[in-house]
Every structure is written in structure tokens, then in C-alpha cells.
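**Student:**
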Amino acid sequence: MKLTDILNLKTLGYTDDINPKHLQKLNSKPSMLAGFEWNQFQSNPPHCNTSSAVKLELEELSKLRIDNNFVKEMDNVDKVFKEYCDSAGIEFPSSLIESLLDDSSIVIMKLKYHYNRPRPSQLASHPLINVDIGKTHMMDSMQTPSYPSGHSTQGILIGKVLSDMYPSHEYNLMSLGRDISKSRNIARAHYPSDSSFGMKLGYSMFKYLKKTSRL
1 MKLTDILNLK TLGYTDDINP KHLQKLNSKP SMLAGFEWNQ FQSNPPHCNT
51 SSAVKLELEE LSKLRIDNNF VKEMDNVDKV FKEYCDSAGI EFPSSLIESL
101 LDDSSIVIMK LKYHYNRPRP SQLASHPLIN VDIGKTHMMD SMQTPSYPSG
151 HSTQGILIGK VLSDMYPSHE YNLMSLGRDI SKSRNIARAH YPSDSSFGMK
201 LGYSMFKYLK KTSRL
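Residue 211 in the numbering used here is what sits at position 211 of the sequence shown, and the numbering runs on without skipping anything.
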């Protein structure tokens, strides 16, 4: 094992370039989340690529049962919650949810490129790590750096917003939010720490929206 190999692994990121499609998001400003101090989340880095914690995370992913149907079902955050509202006979606030998903994606994208964490498959297949996590379920929603998990953020945020509107449905709505988050681990799309950080971000966004009376 060469020192240069270790150093290269330590500094490995998701990409060396910013996807042109993502530049618009990175240069945008949120509306409903205007004033949200997302910079506070810039000092919560993920585990170092070469740390034992990362290897443990990858080994944890390797033990999850692959369920491609569940992954596909949970991929579209808007659809997941709309289908629940329709089945429960409660109104789904489409315009509000669309605005929240768009706003939150701006913050998420800024943090993703700030940390530029490689996806689990990138590290798992690295010769210095070599953990078989199983086949990654590739989706269009996986074309960004790994940390935080955007699905975890948005699953919790939308779950909390709808729970605030329909308190008697909170258990089911938050369960859906957590399932959305969990599905990204099952897909091998995210490390567990991506998901926990994303959920923390989602809770923080909801608290900010309530504090500023924007809901």
C-alpha cells in the first residue's frame, strides 16, 4: 500500500466538475426558505474516506436486503405523499409541496457540492476498501454528491409539513418520510450518515418555516 494511494483515496470526491444542470440550482435563492441559515450545516463533514467508520457504514449497507420495488416506490417524494393523501381522503397541497421541494433542493444541492462526498459504490469498489455492498440500484436521482441525502431531507420536511396540517395522520406520514430515507440505503445510494444528516436538515427546515410563520 503506497502513501500516495491512501492520500488519493482520502481526497476522492464524487466529481471534479460541477454538473452544468446543477449550476442553476447552485446559483438560485430559495423563497419560502429565504433566510434559512444553511451555512450552519457546512461544518458537519461526513466521515473521512479512509476512516474505519466509513468501512463500517459500507458493511452495514451490504447487510440490507435488496428490494428494488421498494426503492422505485419511494423514489418520487411528491408522488409518495400524494398517493397517501388521496388514499386517506385528505387534500394534498400540490403548490405548497412543489415550492418546498424546489426550495429545499437548492439548499441540498449547495451542501452536496460543498462536501462532494463520493457515493457508496465509488468507495466500496476502491482497492483499498473493497467491500461488496451489492448492486447499486441506479436512478436519475443519484447524479449528485452523496452528502446529505436529499430524499431524507425532503421526506422528513414534507412529512412534518403534512403532519402539521393533519395531526391525526402524523404517524403514517412520518413513517413514509422515514421509509423514503431508508430506501436510499437499500438502493446503496447513500451511507447511513448521509441519511441521518439529511433528516436532521429536514427537521431544521420545518422548524424554520414554523418559526417564521411561513406555513
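Ideal placement from N, C-alpha and C gives every residue a C-beta, glycine not left out.
(1) Mind checking whether residue 26 and residue 142 have CB atoms under 8 Å apart?
(2) Hey, how far is the Cα of residue 171 from the Cα of residue 128?
(3) Just tell me which of 176, 16 and 58 has its CA closest to the CA of residue 191.
(4) Can you tell me where the alpha helix (DSSP H) with residue 141 in it begins and where it stops?
(5) Is DSSP giving residue 205 helix, strand or coil here?
(6) Report the three-state DSSP secondary structure of residue 15 (helix, strand or coil).
(7) Hey, could you find the ends of the alpha helix (DSSP H) residue 117 is sitting in?
(8) Do you know how far the Cα of residue 15 is from the Cα of residue 4?
(9) How big is the Cα-Cα spacing for residue 217 and residue 122?
(10) Just to confirm, is the Cβ distance from residue 146 to residue 119 under 8 Å?
(11) Please classify residue 205 as buried or exposed, where buried requires at least 16 neighbouring CB atoms within 10 angstroms.
(12) If residue 181 sits next to residue 71, beta carbons under 8 Å apart, how far is it from one beta carbon to the other, in whole angstroms?
(13) If you run the structure through DSSP and keep just helix, strand and coil, what is residue 185?
(14) So what's residue 88 in DSSP terms, helix, strand or just coil?
(15) Heavy atom of the ligand FMN less than 7 Å from the Cβ of residue 111, yes or no?
(16) Among 8, 32 and 53, which one has its Cα closest to the Cα of residue 194?
(17) Check for me: the alpha helix (DSSP H) holding residue 156 runs from which residue to which?
(18) Assuming residue 169 and residue 88 are in contact, meaning their beta carbons sit under 8 Å apart, how far apart are those beta carbons, in whole angstroms?
**Tutor:** Here's the rundown:
(1) Residue mapping note: residue 26 aligns to position 26 of the sequence shown, counting from 1. Residue mapping note: residue 142 aligns to position 142 of the sequence shown, counting from 1. No, these two residues do not count as a Cβ contact at 8 Å.
(2) By one-based count along the sequence shown, residue 171 stands at place 171. By one-based count along the sequence shown, residue 128 stands at place 128. Answer to the nearest angstrom: the Cα atoms are 43 Å apart.
(3) Mapped onto the sequence shown, residue 191 falls at position 191. Looking at the Cα atoms, 58 is the closest of the given residues.
(4) For the purposes of this step, residue 141 is taken as the residue at position 141 of the sequence shown. Looking at the DSSP string, residue 141 is not in any alpha helix (DSSP H), and its letter there is neither H nor E.
(5) By 1-based counting over the sequence shown, the position of residue 205 is 205. Helix, per DSSP.
(6) For the purposes of this step, residue 15 is taken as residue 15 along the sequence shown, with counting starting at 1. Looking at residue 15 - three-state DSSP - the assignment turns out to be coil, as it is neither helix nor strand.
(7) Translated into positions along the sequence shown, residue 117 becomes position 117. Premise fails: residue 117 is in no alpha helix (DSSP H) and is neither H nor E.
(8) Here residue 4 corresponds to residue number 4 of the sequence shown, with the count starting at 1. Here residue 15 corresponds to residue number 15 of the sequence shown, with the count starting at 1. One C-alpha to the other measures close to 19 Å.
(9) Past the edges of the chain, shown from 1 to 215, lies residue 217, and the structure says nothing about it.
(10) Counting from 1 along the sequence shown, the entry for residue 146 is found at position 146. Counting from 1 along the sequence shown, the entry for residue 119 is found at position 119. Yes, these two residues count as a Cβ contact at 8 Å.
(11) Locating residue 205 in the sequence shown gives position 205, where the first residue counts as 1. Counting Cβ neighbours within 10 Å, residue 205 comes out buried, since at least 16 surround it.
(12) Counting from 1 along the sequence shown, the entry for residue 181 is found at position 181. Counting from 1 along the sequence shown, the entry for residue 71 is found at position 71. No, residue 181 and residue 71 are not in contact; Cβ-Cβ is about 12 Å, not under 8 Å.
(13) In the sequence shown, residue 185 corresponds to position 185, counting from 1. In this structure, residue 185 counts as helix in the three-state DSSP scheme.
(14) Taking the sequence shown and counting its residues from 1, the one referred to as residue 88 is at position 88. In this structure, residue 88 counts as helix in the three-state DSSP scheme.
(15) With respect to small molecules bound, the structure shown includes none, and the ligand FMN cannot be examined in it.
(16) Start at 1 with the first residue of the sequence shown, and residue 194 comes out as number 194. Comparing Cα positions, the closest option is 53.
(17) Position 156 of the sequence shown, counting from 1, holds the residue named residue 156. Element bounds for residue 156: 150–165.
(18) Numbered from 1 along the sequence shown, position 169 holds the residue referred to as residue 169. Numbered from 1 along the sequence shown, position 88 holds the residue referred to as residue 88. With a Cβ gap of about 6 Å, residue 169 and residue 88 count as contacting.
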